[in-house]
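*Asks:* Okay, here's the structure, questions in a sec.
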Amino acid sequence: MIRDLVRSRIQEALLRLAQAGVPEAASFPPPEVSDTRQAEHGDYASNVALLNAKAAGHPPRALAERLAAELASAPEFEAVEVAGPGFLNFRLRPEVVAGFVGEILARGERLAESRHESPQRINVEFVSVNPNGPITVGSGRGAAFGSALCNVLEAAGHQVHREYYINDGVNSEQMRLFAESVRALILGEPLPEGGYKGDYVQAVADRVAEILSRPLEPAAAETRRDLEAEADPWRRHVLRRRLETLARVEAQRSSAPDARSCARALTNEDLKLLCESLMIERQRDDLRAFAVHFDTWFSEQSLHDAGEVERCLQRLVEAGIADTEPYQTVLKLGKNGEVLETVRVEQPRDDEDDDAPEGEAVQPTLWLRSTRFGDDKDRVLRRRDGRLTYIASDLAYHLDKFNRPPNADRLVTVLGPDHHGYIGRLTAVVAALLRHGEGEEADRRALEEARRRLQVVIFQIVRFVKDGEPAPMRKRDGNIYALIDLIEELGRTMAPEEEPERQRQVGKDVARFFYLMRSHDTHMDFDIDLATRRSDENPVFYVQYAHARICSVLRKASGAGFQPEQAAEEDLRLLGHPKELALVKKVADLPYEARRCADDFGVHRLTTYAVDLARLYHAFYDTCRVLQPENPALTRARLALCQAAALGLRGALGLLGVSAPERM
RNA sequence: GCGCCUGUAGCUCAACGGAUAGAGCAACGGCCUUCUAAGCCGUUGGUUGCGGGUUCGAAUCCCGCCGGGCGCGCCA
Numbered sequence: 012m013i014r015d016l017v018r019s020r021i022q023e024a025l026l027r028l029a030q031a032g033v034p035e036a037a038s039f040p041p042p043e044v045s046d047t048r049q050a051e052h053g054d055y056a057s058n059v060a061l062l063n064a065k066a067a068g069h070p071p072r073a074l075a076e077r078l079a080a081e082l083a084s085a086p087e088f089e090a091v092e093v094a095g096p097g098f099l100n101f102r103l104r105p106e107v108v109a110g111f112v113g114e115i116l117a118r119g120e121r122l123a124e125s126r127h128e129s130p131q132r133i134n135v136e137f138v139s140v141n142p143n144g145p146i147t148v149g150s151g152r153g154a155a156f157g158s159a160l161c162n163v164l165e166a167a168g169h170q171v172h173r174e175y176y177i178n179d180g181v182n183s184e185q186m187r188l189f190a191e192s193v194r195a196l197i198l199g200e201p202l203p204e205g206g207y208k209g210d211y212v213q214a215v216a217d218r219v220a221e222i223l224s225r226p227l228e229p230a231a232a233e234t235r236r237d238l239e240a241e242a243d244p245w246r247r248h249v250l251r252r253r254l255e256t257l258a259r260v261e262a263q264r265s266s267a268p269d270a271r272s273c274a275r276a277l278t279n280e281d282l283k284l285l286c287e288s289l290m291i292e293r294q295r296d297d298l299r300a301f302a303v304h305f306d307t308w309f310s311e312q313s314l315h316d317a318g319e320v321e322r323c324l325q326r327l328v329e330a331g332i333a334d335t336e337p338y339q340t341v342l343k344l345g346k347n348g349e350v351l352e353t354v355r356v357e358q359p360r361d362d363e364d365d366d367a368p369e370g371e372a373v374q375p376t377l378w379l380r381s382t383r384f385g386d387d388k389d390r391v392l393r394r395r396d397g398r399l400t401y402i403a404s405d406l407a408y409h410l411d412k413f414n415r416p417p418n419a420d421r422l423v424t425v426l427g428p429d430h431h432g433y434i435g436r437l438t439a440v441v442a443a444l445l446r447h448g449e450g451e452e453a454d455r456r457a458l459e460e461a462r463r464r465l466q467v468v469i470f471q472i473v474r475f476v477k478d479g480e481p482a483p484m485r486k487r488d489g490n491i492y493a494l495i496d497l498i499e500e501l502g503r504t505m506a507p508e509e510e511p512e513r514q515r516q517v518g519k520d521v522a523r524f525f526y527l528m529r530s531h532d533t534h535m536d537f538d539i540d541l542a543t544r545r546s547d548e549n550p551v552f553y554v555q556y557a558h559a560r561i562c563s564v565l566r567k568a569s570g571a572g573f574q575p576e577q578a579a580e581e582d583l584r585l586l587g588h589p590k591e592l593a594l595v596k597k598v599a600d601l602p603y604e605a606r607r608c609a610d611d612f613g614v615h616r617l618t619t620y621a622v623d624l625a626r627l628y629h630a631f632y633d634t635c636r637v638l639q640p641e642n643p644a645l646t647r648a649r650l651a652l653c654q655a656a657a658l659g660l661r662g663a664l665g666l667l668g669v670s671a672p673e674r675m
């Protein structure tokens with residue numbers, strides 16, 4: 012906002028300079044307007060002269076001097092000075108800064124939003140864990156980051172689609188095992204080897220037993236109603252599949268004497284589908300408690316059922332990108348992705364392969380020649396036994412993301428630290444889909460486009476420290492650390508006297524803020540003891556308290572007959588105290604901060620922004636008394652500033668998915 | 001062996017390639033008869049792992065070492 016003003020003044024000055032003997036000035040890149048580190052350097056600084064001195068053929072200081080001369084006439088500036096090697100330092104007239112309070116209030120709750128010069132439709136896929144367990148504290152980081160990233164992208168003017176990919180393909184060995192573990196628990200039999208343990212598995216088993224003890228018709232009726240109301244073809248497909256499962260299970264159930272014998276009789280497939288839907292329901296609930304929502308829960312299996320995967324493979328075979336020749340290409344890649352060595356590894360023909368499954372029909376392995384698109388080895392699409400790999404689904408899935416309304420321009424996929432090996436193969440997958448034309452040149456162009464349109468974001472590992480020791484997070488040891496447990500634990504500790512619902516909100520706020528405080532690509536320690544020890548050590552509360560304080564002042568003011576909206580332009584001119592002006596500048600920066608975060612995915616900077624803003628408000632509050640009945644004009648102006656600060660805090664917290672309470 | 005991330009104050013971490021590298025926690029000292037003290041003000045703390053390079057300028061970009069985390073399946 013204020014930065015934009017300075018930037019456009021500089022641009023105007025550059026144009027005038029271009030006419031006055033420095034023609035290169037017309038083609039300088041857009042100037043940057045940064046903060047000054049010290050107050051004596053003024054309000055804002057620009058390095059435009061330093062960056063462009065060479066192109067303009069003038070020494071930086073000389074260029075800066077000429078620009079400063081052009082800028083001096085702008086009415087908003089009190090002073091424009093040249094400093095150091097050639098910085099331009101801008102000092103704004105206080106009334107100009109104060110005047111922005113009016114614009115901030117005019118933008119209201121949409122303060123963080125800005126228009127984008129080239130808005131995109133962006134599909135953001137995140138969390139996407141397997142339906143064999145609850146959302147863990149590890150995935151929590153991806154959930155917090157992904158959802159905040161979506162908020163920020165939207166604020167920056169993009170159209171965002173939030174998506175969760177359900178790995179429910181029939182091939183999944185883990186899901187087969189999960190269902191058998193549940194069956195064993197219901198029957199009181201020993202778990203299968205490597206089976207799933209833990210309270211949450213027992214909870215699923217209890218639920219399944221409960222479901223099997225009653226007629227399923229009500230559930231089927233409900234599903235039929237959903238199906239009638241549903242327009243989306245994929246969603247309809249999922250519902251239809253559920254209906255079929257319910258019918259099969261009901262047939263079993265009605266002929267079985269009790270729930271246990273019914274559980275014994277169910278096929279693994281049907282039991283798996285039951286477990287899966289229960290687990291997904293739980294994941295959805297947990298994520299909702301964490302303020303994470305999705306526009307689409309996309310079922311992998313629906314792609315298989317609809318024949319999309321086979322169609323996709325067919326297309327690639329026809330395009331010559333996939334084939335059954337018995338070899339794999341393996342590349343040794345150098346630092347910058349250049350190919351150092353190409354190794355062609357011959358694969359055994361099926362009739363001479365000793366490992367081939369005996370007595371089973373074998374067919375030739377189908378290879379995706381992904382090395383043509385920068386991957387380090389070719390990938391298998393269909394195994395000898397005929398089963399498809401997950402890469403086969405990924406192909407169809409990514410094609411669908413591009414082709415399904417609203418037809419994504421760009422795909423963002425947020426993955427955990429153990430998935431960084433995916434970047435190469437997913438990029439190759441997308442390149443294979445986007446390729447058209449012939450020859451190596453077409454491959455190269457496709458790879459380039461894939462890199463532009465698919466961004467895989469890897470967040471780094473988060474370690475949970477509790478009682479001075481890392482907390483276990485793995486899934487099968489029966490001691491997984493679920494996100495919802497973290498939320499509830501934080502809430503209980505920090506607000507012991509509150510209702511459970513309120514505790515969850517407190518826990519959610521603290522957990523989200525802590526996750527988001529660190530850049531997604533650094534390893535972080537989440538110290539539970541520190542997060543729960545005492546509320547006043549928490550930056551979350553520091554920020555929220557600032558908001559509650561403002562609300563309190565506004566309530567008092569309202570009781571005394573003041574309204575912040577009553578501040579007129581001449582009232583705002585009374586805001587001249589350094590702490591007042593610093594606060595205005597910070598609030599006005601919110602859209603700029605949001606835009607920066609959207610551009611480089613540095614969502615964590617918003618937490619720093621929120622803390623800075625809260626600090627400036629607290630400092631202002633301490634120095635400048637707001638309510639002064641004997642001075643109504645100043646009171647109106649400061650109330651307007653309070654209102655603006657509240658908008659800034661709400662805006663930043665809103666993007667982070669953290670609530671802004673009115674009382675604390 | 002190869003790849004991804006990372007190394008900044010005692011601890012946890014910030015810092016569009018910018019000027020004297022900043023916060024919180026921890027330690028110490030002040031400030032409530034007035035709008036929420038969950039607050040404010042002050043003091044203390046650094047060879048940004050090491051060595052080169054790029055340039056007006058490097059914690060940031062490039063190269064090489066050293067240390068830490070994670071990953072390298074016809075599992076998902």
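Each residue of the first sequence is one higher than the last, beginning at 12 in my numbering. We put the beta carbon where it would ideally sit given N, CA and C, even for glycine. A quick note: this is a predicted structure, and the numbers were derived from the prediction, not measured.
With H, G and I counted as helix, E and B as strand and the rest as coil, what does DSSP make of E357?
*Replies:* For this step, residue 357 is matched to residue 346 along the first sequence. In the structure shown, E357 sits in a strand (DSSP, three-state: E or B).
*Asks:* Could you name the residues that DSSP lists as bridge partners for E136?
*Replies:* Residue 136 sits at position 125 when you count from the first residue of the first sequence. In the DSSP output, where bridge partners are listed per residue, E136 has E174, T424.
*Asks:* Considering just the uninterrupted stretch of the alpha helix (DSSP H) at R503, what are its terminal residues?
*Replies:* Along the first sequence, one-based indexing puts residue 503 at 492. Where R503 is concerned, the enclosing alpha helix (DSSP H) stretches over 494-505.
*Asks:* Looking at R355 and Y338, is the spacing between their C-beta atoms short of 8 angstroms?
*Replies:* Here residue 338 refers to the residue found at position 327 when the first sequence is read from its first residue. Here residue 355 refers to the residue found at position 344 when the first sequence is read from its first residue. Contact: yes.
*Asks:* Determine whether the beta carbon atoms of A442 and A461 lie at a separation below 8 angstroms.
*Replies:* If you number the first sequence from 1, residue 442 lands on position 431. If you number the first sequence from 1, residue 461 lands on position 450. The answer is yes: Cβ separation under 8 angstroms.
*Asks:* In terms of alpha-carbon separation, which member of Q263, V440, T234 lies closest to V320?
*Replies:* The count along the first sequence starts at 1 and reaches residue 320 at position 309. Nearest of Q263, V440, T234 to V320, Cα basis: V440.
*Asks:* Classify M186: buried if its beta carbon has 16 or more other beta carbons within 10 angstroms, exposed otherwise.
*Replies:* Position 175 of the first sequence, counted from the first residue, corresponds to residue 186. By the neighbour-count rule (16 or more Cβ atoms within 10 Å), M186 is buried.
*Asks:* Quick one: what's got a C-beta closer than 6 angstroms to K486's C-beta in the same chain, skipping five residues either side?
*Replies:* By 1-based counting over the first sequence, the position of residue 486 is 475. Unreliable positioning characterises K486 in this predicted model, as indicated by a pLDDT of 46, which lies under 50. A coordinate reading is not provided.
*Asks:* At what residues does the beta strand (DSSP E) containing Y55 begin and finish?
*Replies:* Taking the first residue of the first sequence as 1, we reach residue 55 at position 44. Unbroken beta strand (DSSP E) run through Y55: 55-57.
*Asks:* Bridge partners of R102, per DSSP?
*Replies:* As a position in the first sequence, residue 102 is number 91, starting the count at 1. R102 is bridged to A90.
*Asks:* To the nearest angstrom, how far is it from the Cα of D488 to the Cα of L188?
*Replies:* Along the first sequence, read from residue 1 onward, the residue named residue 488 stands at position 477. Along the first sequence, read from residue 1 onward, the residue named residue 188 stands at position 177. In this prediction, D488 has a pLDDT of 49, which is less than 50 and means its spatial position is unreliable; what the coordinates show is noted afterwards. About 14 angstroms.
*Asks:* Per DSSP, what kind of secondary structure is V467 in: helix, strand or coil?
*Replies:* For the purposes of this step, residue 467 is identified with residue 456 of the first sequence, where counting begins at 1. In the structure shown, V467 sits in a strand (DSSP, three-state: E or B).
*Asks:* DSSP on R616, reduced to helix/strand/coil?
*Replies:* Position 605 of the first sequence, counting from 1, holds the residue named residue 616. Helix, per DSSP.
*Asks:* At which residues does the beta strand (DSSP E) containing F309 begin and terminate?
*Replies:* As a working note, residue 309 is residue 298 in the first sequence. That run of the beta strand (DSSP E) goes 307-310.
*Asks:* Could you check which residue in E51, V91, A36 has the C-alpha nearest to that of A66?
*Replies:* By 1-based counting over the first sequence, the position of residue 66 is 55. A66 has its Cα closest to that of A36, out of E51, V91, A36.
*Asks:* Within the continuous beta strand (DSSP E) that includes T340, where are the two ends?
*Replies:* Taking the first residue of the first sequence as position 1, residue 340 is located at position 329. Per DSSP, T340 belongs to the beta strand (DSSP E) from 338-344.
*Asks:* Out of R121, S139, S183, point me to the one whose CA is closest to E165's CA.
*Replies:* If you number the first sequence from 1, residue 165 lands on position 154. Closest option to E165, Cα to Cα, is R121.
*Asks:* Among the candidates V219, F573, L667, whose CA atom is the shortest distance from the CA of T619?
*Replies:* Sequence index remark: in the first sequence, residue 619 carries index 608 (1-based). When each option's Cα is compared against that of T619, the closest is L667.
*Asks:* Using a Cβ-Cβ cutoff of less than 8 angstroms, which residues in the same chain neighbour R515 once the five nearest sequence positions on both sides are dropped?
*Replies:* Residue 515 sits at position 504 when you count from the first residue of the first sequence. Correct list, in chain order: A300, I498, E499, G502.
*Asks:* I'd like to confirm the pairing. Which residues does DSSP put opposite E76 in its beta bridges?
*Replies:* Here residue 76 refers to the residue found at position 65 when the first sequence is read from its first residue. The partner list for E76 (beta bridge, DSSP) is empty, contrary to what the question assumes.
*Asks:* Cα separation between G518 and A216?
*Replies:* Counting from one through the first sequence, the residue named residue 518 turns up at place 507. Counting from one through the first sequence, the residue named residue 216 turns up at place 205. Cα to Cα, the separation comes out at about 28 angstroms.
*Asks:* Just the C-alpha distance for G471 and S569, rounded to the nearest angstrom, thanks.
*Replies:* For the purposes of this step, residue 471 is identified with residue 460 of the first sequence, where counting begins at 1. For the purposes of this step, residue 569 is identified with residue 558 of the first sequence, where counting begins at 1. What sits at residue 471 in the sequence shown is Gln, not Gly. Rounded to the nearest angstrom, the two C-alpha atoms are 47 angstroms apart.
*Asks:* I believe L445 touches A457 by the beta-carbon criterion, under 8 angstroms. Please report the beta-carbon distance rounded to the nearest angstrom.
*Replies:* Position 434 of the first sequence, counting from 1, holds the residue named residue 445. Position 446 of the first sequence, counting from 1, holds the residue named residue 457. Contact holds; Cβ gap of about 5 angstroms.
*Asks:* I'd like to know whether the C-beta atoms of R390 and L379 end up nearer to each other than 8 angstroms.
*Replies:* In the first sequence, counting from the first residue as 1, residue 390 sits at position 379. In the first sequence, counting from the first residue as 1, residue 379 sits at position 368. Yes, these two residues count as a Cβ contact at 8 angstroms.
*Asks:* Would A190 and K283 be called neighbours here (beta carbons separated by less than 8 angstroms)?
*Replies:* As a position in the first sequence, residue 190 is number 179, starting the count at 1. As a position in the first sequence, residue 283 is number 272, starting the count at 1. Yes, these two residues count as a Cβ contact at 8 angstroms.
*Asks:* Give every residue of the same chain whose Cβ lies closer than 7 angstroms to the Cβ of R264, excluding the five residues on either side of it in the sequence, and list them in chain order.
*Replies:* If you number the first sequence from 1, residue 264 lands on position 253. For R264, where only same-chain residues beyond five positions count, the Cβ hits under 7 angstroms are L223, L227, C273.
*Asks:* Measure the beta-carbon distance from G53 to L658 and round it to whole angstroms, keeping in mind my assumption that it falls under 8 angstroms.
*Replies:* In the first sequence, counting from the first residue as 1, residue 53 sits at position 42. In the first sequence, counting from the first residue as 1, residue 658 sits at position 647. In fact, because the Cβ distance is near 26 angstroms, the residues do not count as touching under 8 angstroms.
*Asks:* Can you tell which of R173, R259, P417, E124 has the C-alpha that lies nearest to the C-alpha of A302?
*Replies:* Taking the first residue of the first sequence as 1, we reach residue 302 at position 291. Nearest C-alpha to A302: R173.
*Asks:* Evaluate contact between the stretch 13-25 and the stretch 72-85, counting only Cβ atoms and requiring at least three cross-stretch pairs below 8 angstroms.
*Replies:* Counting Cβ pairs under 8 angstroms, three or more are found: they touch.
*Asks:* Report yes if the CB atom of G149 is closer than 8 angstroms to the CB atom of V473, and no otherwise.
*Replies:* As a working note, residue 149 is residue 138 in the first sequence. As a working note, residue 473 is residue 462 in the first sequence. Yes. Within cutoff.
*Asks:* When the Cβ atoms of the stretch 155-164 are set against those of the stretch 520-540, are three or more pairs found closer than 8 angstroms?
*Replies:* Taking 8 angstroms as the limit for Cβ pairs, the verdict is that the stretch 520-540 does touch the stretch 155-164.
*Asks:* Kindly indicate which three-state DSSP category D454 falls into: helix, strand or coil?
*Replies:* Numbered from 1 along the first sequence, position 443 holds the residue referred to as residue 454. If DSSP states are grouped into helix, strand and coil, D454 belongs with the helices.
*Asks:* Pull up the distance between the alpha-carbon of R560 and that of L586, whole angstroms please.
*Replies:* The sequence position of residue 560 within the first sequence is 549, counting from 1. The sequence position of residue 586 within the first sequence is 575, counting from 1. Whole-angstrom Cα-Cα distance: 20 angstroms.
*Asks:* On the three-pair Cβ rule with 8 angstroms, is the stretch 85-102 touching the stretch 625-633?
*Replies:* The stretch 85-102 is not in contact with the stretch 625-633.
*Asks:* What are the complete alpha helix (DSSP H) segments, minimum 4 residues, inside the stretch 250-321?
*Replies:* Runs of the alpha helix (DSSP H) inside the stretch 250-321: 270-276, 279-300, 311-316.
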